[in-house]
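Asks: Residue numbers (the working numbering): 2 to 93.
Heads up, the beta-carbon is just placed ideally off N, CA and C, and yes, glycines get one too.
Could you have a look at this structure, given as structure tokens, before my questions?
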């Protein structure tokens, strides 16, 4: 998991302290969160991600529908105007 921006300096400080205390070098440390119920945390994470996915798809569908309606209205009015000129020419 990604460490939040607010917590990152504290994790880096812990790594620096461990490097100094134990005379080790940690170029790419890995950070873990220990939680009481990892299955619940995973379920909450999945639920949030799924909600964002549904929202993004809904917005995409709405924007596409709006664009299609706009194009239909725009091109329908232009074709009606063109048809009117053709009908006038045929009646003359």
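1. Would you grab the beta carbon distance between residue 12 and residue 32 for me? Rounded to a whole angstrom, and I think it's under 8 Å.
2. Determine the direct distance from the alpha carbon of residue 68 to that of residue 74, and round the result to whole angstroms.
3. Please state whether the Cβ-Cβ distance between residue 21 and residue 27 is less than 9 Å.
4. Quick one: Cα of residue 14 to Cα of residue 40, how far?
5. From which residue to which residue does the alpha helix (DSSP H) around residue 16 run?
6. Assign residue 55 to one of three DSSP states: helix, strand, or coil.
Replies: In short, the structure shows the following:
1. Correct: roughly 5 Å between the Cβ atoms.
2. A straight line joining the alpha-carbon of residue 74 with that of residue 68 spans about 10 Å.
3. No.
4. Computed Cα separation, rounded: 29 Å.
5. Where residue 16 is concerned, the enclosing alpha helix (DSSP H) stretches over 9–23.
6. Helix at residue 55.
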